[in-house]
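Please read the structure below before turning to the comments.
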Ligand code: NDP
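Numbering (the numbering used here), first residue to last: 124 to 435.
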C-alpha cells in the first residue's frame, strides 16, 4: 500500500485550502471528500462575506473554484467516505466506505459539521417529504406554500429569508423570545413581510399523511398552550454537529464532539501528525474564511512536521 505524505479528510473551504497549500508544497495530497464534495457551502446561495468577491459569489461556485485551484497543483480527489481510522501508529491508516485502505504520514481532518435535527418521531423518514435542513436545496419545491422554520440563529434567519422567494408565508418558531442571530440578519427578517415569528414555541410532533408533512403540533412553553398548525414544509435551522463519529474516541474531542486543538494557535491535535481545521474544531467562528485560514495553517503545520521527521 502506497503511503501518502498527506491525506485530507473532508472537502469544505478548510479541506480545499489545506489541499492547495499542501499541493503547492509538493506534498501530493489526497483529499477524501465524501459523497457531497464542498461541504456546507454547497447548500448556500450568495456568500457575501468571502473576501475578493465584491458582488458576492454562489457557495457551490466558490467551492468548485477552490477545488479546481488545488487540483491545478496536483491534488487528487476521492469521492468516498472515511468510516474508520487507525491513529495508534504512523503511518496512519484510513479505511473508506468502499473498503479501500490508505496510509498517511500526516492526516488533516476537515470533515466540518452537519445540520442538527430535533429528534422528533418520523423526522428523518419525512426528509424530502416536507422536512428539510437545507432551504437552498429544497426551497424551490415550496412555491406559494406555507413553511415553518425552527431556530433563532443566523441560519434560521438566512433560511427563512431565502424561503420567502418561493413560499407564500414563512413562520419562524423559536423556543425563546429573543433571537441569537446577528442584528443585521434579524433586521432583514423582521422587515420581510412574508415572515412571522412565533416566540416561546416548541415543536412537539410533525403531522403527516401519505403525501408528506401536513402540519405541526406546537406548544407555547410559557402558557403551556398546545395547538396544531397547517404547513407544507418544516425546515430545521438549529445548528450543527461536528462530523467526528468516524474518529471513535481516537482523538480528543469536547463534550459536543468538536476536536480540541491542543497547541493553539496551531491546529494540532493530541496525536502528533494529525491536524484539524475548519468547523470540525471550531464552534465559535464557523465562517468560510476562518475555515480556509485554518486549512492553510494545517497544511503548513503538516509540511513542517514532515520536515522535522526527515531531519531527525
Ligand atoms: P446557532 O447555534 O447560532 O443557533 C441555533 C439556534 O437554534 C438557536 O436559536 C437555538 O436556540 C436553536 N436551537 C438549538 N437547538 C434547539 C432545539 N433542540 N430546539 C429548538 N431550538 C433549538 O446555529 P446557526 O446554525 O444559526 O449558526 C451557526 C454559526 O454560523 C453562527 O456563528 C452564525 O453566526 C454562523 N452563520 C453565519 C451566517 C452568515 O453570516 N451568512 C449564516 C448562517 C450561520 P437558543 O437561541 O434558544 O439557543
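Note that the Cβ used here is the ideal one computed from N, Cα and C, for glycine as well. These figures come from a predicted structure and were not determined experimentally.
8 Å contact criterion, which residue 371 and residue 237 should meet: CB distance rounded
In the chain shown, counting from the first residue as 1, residue 371 sits at position 248. In the chain shown, counting from the first residue as 1, residue 237 sits at position 114. Not quite, the Cβ-Cβ distance comes to about 17 Å (not below 8 Å), so this is no contact.
Validate contact between the segment 392 to 404 and the segment 134 to 144 using beta carbons, cut 8 Å, 3 pairs
yes
Closer than 5 Å is what we want: which residues have a beta carbon that near any heavy atom of the ligand NDP? List them in chain order.
274, 275, 276, 277, 278, 281, 298, 299, 303, 361, 362, 409
Helix, strand or coil for residue 181? Go by DSSP, reduced to three states.
Your numbering for residue 181 matches position 58 in the chain shown. It is a strand residue.
How big is the Cα-Cα spacing for residue 437 and residue 196?
What is shown of the chain runs 124 to 435, which leaves residue 437 out entirely.
Please report the distance separating the alpha-carbon of residue 187 from that of residue 311.
Residue mapping note: residue 187 aligns to position 64 of the chain shown, counting from 1. Residue mapping note: residue 311 aligns to position 188 of the chain shown, counting from 1. Going by the C-alpha atoms only, they are around 29 Å apart.
Runs of beta strand (DSSP E) wholly within the segment 228 to 291 (minimum 3 residues, chain order):
236 to 238, 269 to 273
Cα-Cα, which of 256, 263, 289 is closest to residue 273?
Here residue 273 refers to the residue found at position 150 of the chain shown. Among 256, 263, 289, the Cα nearest to that of residue 273 is on 256.
Express the C-alpha separation of residue 379 and residue 218 in angstroms, rounding to a whole number.
Here residue 218 corresponds to residue number 95 of the chain shown, with the count starting at 1. Here residue 379 corresponds to residue number 256 of the chain shown, with the count starting at 1. Using only the alpha carbons, I get a separation of about 24 Å.
May I have the straight-line CA-CA distance separating residue 313 from residue 293, to the nearest angstrom?
As a working note, residue 313 is residue 190 in the chain shown. As a working note, residue 293 is residue 170 in the chain shown. Computed Cα separation, rounded: 12 Å.
Quick check: residue 394 and residue 210, are their CB atoms within less than 8 Å of each other?
Start at 1 with the first residue of the chain shown, and residue 394 comes out as number 271. Start at 1 with the first residue of the chain shown, and residue 210 comes out as number 87. Yes, Cβ-Cβ distance for residue 394 and residue 210 is below 8 Å.
So for residue 360, helix, strand or coil by DSSP?
Looking up residue 360 in the chain shown gives position 237. Residue state, collapsed to three classes: coil.
Among 191, 321, 132, which has the Cα closest to the Cα of residue 202?
Translated into positions along the chain shown, residue 202 becomes position 79. Comparing Cα positions, the closest option is 132.
Taking the alpha carbon of residue 409 as the reference point, which residue from 198, 233, 323, 176 has its own alpha carbon closest?
For the purposes of this step, residue 409 is taken as residue 286 along the chain shown, with counting starting at 1. Closest option to residue 409, Cα to Cα, is 233.
Per-residue DSSP class, three states only, for residue 423
By 1-based counting over the chain shown, the position of residue 423 is 300. Reduced to three states, the DSSP call for residue 423 is helix.
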